[in-house]
Ligand SMILES: Nc1ncnc2c1ncn2[C@@H]1O[C@H](COP(=O)(O)OP(=O)(O)OP(=O)(O)O)[C@@H](O)[C@H]1O
Ligand SMILES: [Mg+2]
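In the working numbering, the protein residues as written are 847 to 1158.
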């Protein structure tokens, strides 16, 4: 069964048409990452799926339940981490008290709640903060509590809106590791938004690119990269590359295009990493150019720039 099915969802805020027919699917054992520029509509979509906002039109089903009909049932099925961390727990209660309270709201028996909190504290190395008031925590620690809260009732589906924002690299890696085992070992579903492309690369089985309230591309990261038609890029320092040599490189059979969006480096897309690099190096050498160069694989940033050109 499909965990999340959204079809042709529209949302207006006054005169702003924030969602213009977004569709997506998330299946069990899958992490779908929503990528898109600021204001694309990612948070709006996640909030609609999490029943925090209402859509104006379109169809949404969560595990076969129609969002317009079964809101109460659907609310038991997911955990949610939003962008507004500060207001998502009681400031004066301790972390443990907050989590026990949210566990009780979810109908968890106290003993089960305590055991889960203990397990989460272990996974997130959070024991020493459990008995501090929420308001005494740092921004990243609060973010961790919100993630723990979303995972507490072990839901089949979790929505994370920029979950690692403000987390230090170790805490972020710990959360990612937990999420990976949550999804892949237990067959759960995760829908996340993130601007950290390395994180998306690490976590996501599928990516949907959202631009101006629409899905402009979706697929597994490998598929999306293949759509660009390049095996990788040979980058050469621009300030050391005469225009005539640049033209000769662009005319090589092995070079499919030139990507010029960095002030320092020009990237030549090649259809074969080794043959392309050799051909380019040959031209550089024959022209007596000693510009620094480097090879890199196609990245999600290239995918982003390809499908959302105005944003880069
Ligand atoms: N409560 C609101 N009232 C009016 N307009 C809103 C509201 N919430 C969002 N918008 C508008 O809807 C559009 C989509 O916003 P949204 O927060 O969904 O973007 P986003 O993709 O999550 O961006 P970011 O990457 O910055 O988090 C924007 O144009 C935004 O200004
Ligand atoms: Mg957002």
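Ideal Cβ positions, reconstructed from N, Cα and C, are used throughout, including at glycine.
Short of 7 angstroms in beta carbon distance, which residues of its chain neighbour residue i, apart from the five on each side in sequence? Order them along the chain.
i, result
"residue 1070", "1053, 1063, 1149"
"residue 993", "927, 1009, 1021"
"residue 1046", "879, 881, 1040, 1053, 1146"
"residue 1001", "923, 924, 925"
"residue 1044", "none"
What is the residue span of the beta strand (DSSP E) that residue i lies within?
i, result
"residue 857", "850-859"
"residue 1054", "1052-1057"
"residue 1142", "1139-1143"
"residue 926", "924-927"
"residue 1078", "1078-1083"
"residue 1005", "1003-1007"
"residue 1113", "1111-1116"
Would you kindly work out how many angstroms separate the C-alpha atoms of residue i and residue j, rounded to a whole number?
i, j, result
"residue 911", "residue 1094", "59 angstroms"
"residue 1055", "residue 1027", "25 angstroms"
"residue 1011", "residue 986", "8 angstroms"
"residue 937", "residue 895", "27 angstroms"
"residue 980", "residue 1020", "20 angstroms"
"residue 864", "residue 1078", "35 angstroms"
"residue 943", "residue 978", "10 angstroms"
"residue 849", "residue 904", "17 angstroms"
"residue 1109", "residue 1084", "8 angstroms"
"residue 1091", "residue 1132", "10 angstroms"
"residue 892", "residue 988", "20 angstroms"
"residue 1151", "residue 868", "20 angstroms"
"residue 1068", "residue 900", "34 angstroms"
"residue 1155", "residue 882", "11 angstroms"
"residue 886", "residue 1016", "29 angstroms"
Report all residues from its chain with a CB closer than 8 angstroms to the CB of residue i; omit the five preceding and five following residues, and keep chain order.
i, result
"residue 998", "925, 945, 948, 949, 952, 954, 959, 962, 963, 966"
"residue 1102", "1075, 1076, 1115, 1116, 1117"
"residue 1013", "986, 989, 990, 1021"
Could you spell out the range, first to last residue, of the alpha helix (DSSP H) harbouring residue i?
i, result
"residue 1046", "1043-1049"
"residue 1096", "1089-1096"
"residue 1038", "Here residue 1038 belongs to no alpha helix (DSSP H); instead the beta strand (DSSP E) covers 1035-1039."
"residue 932", "No alpha helix (DSSP H) holds residue 932; DSSP gives it neither H nor E."
"residue 938", "Premise fails: residue 938 is in no alpha helix (DSSP H) and is neither H nor E."
"residue 910", "Element bounds for residue 910: n/a, residue is neither H nor E."
Going by beta carbon distance, what residues of the same chain come within less than 6 angstroms of residue i, once the five residues before and after it are set aside?
i, result
"residue 870", "852, 1054"
"residue 906", "852, 913"
"residue 1125", "1098, 1100"
"residue 1105", "1113"
"residue 976", "941, 942, 967"
Throw me the rounded Cβ distance for the residue i and residue j pair, which I believe falls under 8 angstroms.
i, j, result
"residue 1141", "residue 1082", "Actually they do not touch by this definition, with Cβ atoms about 10 angstroms apart."
"residue 1035", "residue 873", "7 angstroms"
"residue 879", "residue 1049", "7 angstroms"
Uninterrupted alpha helix (DSSP H) stretches inside the segment 862-902 (no shorter than 4 residues): 888-895
Uninterrupted alpha helix (DSSP H) stretches inside the segment 945-983 (no shorter than 4 residues): 956-969
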